[in-house]
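Trainee:
Below is the structure:
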């Protein structure tokens, strides 16, 4: 190997059993998959940048489980992680992404014109619409593993690329480390600011190192298109606006993303992507499209209905509180978004959200009138 | 990640300026000492186990400062860290330990008979007495860096050594991961239990990895001698009891420590020690004796006297709240202990505590009677 990884070599003096983590109290995808035999097979390996098996799994060892969600419990440190450690990550991906096989191909479709409808979700119920994804820049290690030099290079490249956007995408970059109090307050009020991660899921994998160095937020003047630099992924790209015009949100999303991608390519840096896993991101749960499209929607009656969970499941949607993952709903307002990431295209996933939300609102209206919704319950998509 | 030396040569593709941390908002010993020149000189080095400069300083980069105390901001990953990175650690040590020079020699004295007095601190004021230190076991890397295999080997060795103790030291080991609820309740009630570190000073250095694997608490049946295994150091050894008989506490401390050391030596794993730095521990602040000898003492009046801080400083003592470091005092009860660790012996440090607390109790009594204490204020020790 080109890079010394002395401590991994040192660990090899201990037997596999001596080093194998105690996963007896664990409930995450990594723990379900990582047998002692698999550990033994992969423990001597490392990626070209020196990411090892123990690096991949540390977050899952340190975080046995989550009360509400089945966590992934492993992360990638670079693009090659998904190849070098495929014996672990393929089954994790399969388990997480509905049986996705190592031989499956993932389809990317960022042509917003292929979306049907989506411009008329009832704004009396749908308070806001949002689409986000992540992108990784080829040639750099990922947030669990990158050095300050790499992170700063990612920031520099991103600021250059974003700084050349024009029209309704014209905007400004706010570096976390020299934000004024006024700027910070404004970004909080706009719900744009991201803070140093506090979740042990992220901290245990090393993503918060050197905070806030080279982290920042870029947004357009209209405040409808926003990019996070160097948080959980190199880039998180977000399109959002009040109301129910998901079509417009998605159109801006696709246009903006495509422009950004070509600006990066002009500078000699493509996004990490391959035809099996789609877009490569830090967390295996975000592979494929990395896309979460959702709305904040008022469903006080439906959310109390006994079949709410089942309806969401069949629509391939998930609920979160309005603070995002790990939060509770407030005032009957839920964050409803696509559950899938991999194995469906962007257009397909946003279509599920658009169609699903339309149906959920009709159900809510029925329940408001005291009518039942049994015959509206959909088949499994 | 700091835990595997997986990336150091890769980082050398970036310049010093690109990799040098932004310490502009930092106030810790590492930030004061680390210049770009030192960074340039040390960045390509590593210890035999693969610990690098970035590993040493990560905690100080991630934690710019502390509101009450000047933190160290760097840790050792193994015994050799103090050699390989001496260009950084020597100035840190000098700054932290009152000007201690790279050529100075440290004296170890664990002969409790050399202590004068100390058996008669007034129990109306001194509620409890305690002496703690740490020990590192030669041949293993330290908590920021060690693997599960190493940590378990340390635990195994420690449990063998401790369970062979008898007489007043006969006791039992409670591994954190298989403790019953009842055992846990009891250990909490006895103030013995240590929990997974929450302080970012520790978590950023990687000391909480794989928690609670390989961690545990041993204590004697009398509950006066206690050993923590694999918390911030390989071993933390604590002697404690209610009341003011510090002499007895120190006797038990010295006798117990020496018994434990003999057993480890028989297994060819002595404690890390050298004549310059004394006992080698994870944090440079604990080098030398690693000893904190202290009491919980009622100083309701003295603590509000304007000269309280000055008196403590001159007596070479420090105050903490009764929850330990980073806590506030409750009901006028303070934790008073020696401020020094390196450059004076165990006996000398405990003598300072014994003499200093005796004086402060006398001052407290005077203040209770409404008398002045100005004539009692000591010279700088």
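Protein chains in written order, with our numbering: chain A, 1141 to 1521; chain B, 88 to 468.
C-beta: ideal position from N, C-alpha, C; glycine also.
#1: Since residue 259 of chain B is in the beta strand (DSSP E), which residue starts that stretch and which ends it?
#2: The beta strand (DSSP E) spanning residue 96 of chain B covers which residue range?
#3: Return the first residue and the last residue of the beta strand (DSSP E) that residue 216 of chain B is part of.
#4: Is residue 1407 of chain A helix, strand or coil when you go by DSSP?
#5: I'd like to know if the stretch 333–342 of chain B and the stretch 191–204 of chain B are in contact, where contact means that at least 3 CB-CB pairs between them fall below 8 Å.
#6: For the stretch 1282–1294 of chain A, which residues have a beta carbon sitting closer than 9 Å to at least one beta carbon of chain B?
#7: What residues match up with residue 1493 of chain A in a beta bridge as DSSP calls it?
#8: From the DSSP secondary-structure annotation, give me the bridge partner or partners of residue 83 of chain B.
#9: Pick out whichever of A:1287, A:1366 and A:1413 has its Cα sitting closest to the Cα of residue 1311 of chain A.
#10: Do the stretch 287–307 of chain B and the stretch 130–149 of chain B make contact, defined as three or more Cβ pairs closer than 8 Å?
#11: Taking 8 Å as the CB-CB cut-off, is residue 433 of chain B touching chain A?
#12: Any idea what DSSP makes of residue 1273 of chain A, helix, strand or coil?
#13: Is DSSP giving residue 1165 of chain A helix, strand or coil here?
#14: With three or more C-beta pairs closer than 8 Å as the rule, is the stretch 434–444 of chain B touching the stretch 379–393 of chain B?
#15: So, is residue 1219 of chain A buried or exposed, given that buried needs 16 or more other C-beta atoms within 10 angstroms?
#16: If we count the other Cβ atoms within 10 Å of its Cβ and call it buried at 16 or more, is residue 1241 of chain A buried or exposed?
#17: Can you find at least 3 beta carbon pairs, one from the stretch 1262–1276 of chain A and one from the stretch 1374–1392 of chain A, that sit closer than 8 Å?
#18: Use the C-beta contact count for residue 294 of chain B: other C-beta atoms within 10 angstroms, 16 or more gives buried, fewer gives exposed.
#19: Return the CA-CA distance between residue 371 of chain B and residue 272 of chain B, expressed in angstroms with no decimal places.
#20: Given residue 255 of chain B, which residues of its chain have a CB within under 8 Å of its CB, disregarding the five upstream and five downstream residues?
#21: For a contact defined as C-beta to C-beta under 9 Å, what are the partners of residue 30 of chain B on chain A?
#22: Any residues in the stretch 134–151 of chain B with a beta carbon nearer than 9 Å to a beta carbon of chain A? Which ones, in chain order?
#23: Residue range of the alpha helix (DSSP H) that residue 1129 of chain A falls in?
#24: Any contact of the stretch 261–272 of chain B with the stretch 360–374 of chain B, i.e. 3+ C-beta pairs under 8 Å?
#25: Got a sec, what are the start and stop residues for the beta strand (DSSP E) residue 438 of chain B sits in?
#26: Look at the alpha carbon of residue 158 of chain B and the alpha carbon of residue 178 of chain B, and state the distance between them as a whole number of angstroms.
#27: Rounding to the nearest angstrom, what Cα-Cα distance links residue 129 of chain B and residue 1185 of chain A in this structure?
#28: If you run the structure through DSSP and keep just helix, strand and coil, what is residue 1315 of chain A?
#29: If contacts are defined as beta-carbon pairs under 8 Å, then residue 1427 of chain A and residue 1481 of chain A qualify, I think. What distance do you get, rounded to the angstrom?
#30: Under a three-way DSSP split, which group does residue 1173 of chain A fall into?
#31: Mark residue 354 of chain B as exposed unless 16 or more other C-beta atoms lie within 10 angstroms of its C-beta, in which case mark it buried.
#32: Going by DSSP, what residue range makes up the alpha helix (DSSP H) through residue 144 of chain B?
#33: Straight-line CA distance for residue 124 of chain B to residue 154 of chain B?
#34: Going along the chain, which unbroken runs of the beta strand (DSSP E) with 3 or more residues stay wholly within the stretch 282–338 of chain B?
#35: Could you pull out every residue in the same chain whose Cβ sits closer than 6 Å to the Cβ of residue 1193 of chain A, ignoring the five residues on either side in sequence?
#36: Quick one: what's got a C-beta closer than 7 Å to residue 1295 of chain A's C-beta in the same chain, skipping five residues either side?
Mentor: Well, looking at it:
#1: 258–262
#2: Unbroken run through residue 96 of chain B is the alpha helix (DSSP H), 95–98; no beta strand (DSSP E).
#3: 213–222
#4: coil
#5: yes
#6: 1284, 1285, 1286, 1287, 1288, 1289, 1290, 1292 and 1293
#7: Answer is none; residue 1493 of chain A lacks a bridge partner.
#8: Nothing in the structure corresponds to residue 83 of chain B, since chain B is present only between 88 and 468.
#9: A:1366
#10: yes
#11: no
#12: strand
#13: coil
#14: yes
#15: buried
#16: exposed
#17: yes
#18: buried
#19: 33 Å
#20: 307, 309, 311, 312 and 339
#21: Chain B is shown from 88 up to 468; residue 30 of chain B falls before or after that span and cannot be answered.
#22: 134, 135, 136, 137, 138, 141, 145, 148 and 149
#23: A query on residue 1129 of chain A cannot be resolved here, the shown segment of chain A reaching from 1141 to 1521 and no further.
#24: no
#25: Residue 438 of chain B -> not in any beta strand (DSSP E); alpha helix (DSSP H) instead, spanning 433–455.
#26: 14 Å
#27: 27 Å
#28: strand
#29: 6 Å
#30: helix
#31: exposed
#32: 140–149
#33: 29 Å
#34: 303–307, 312–316 and 322–329
#35: 1182 and 1183
#36: 1354, 1356, 1369 and 1370
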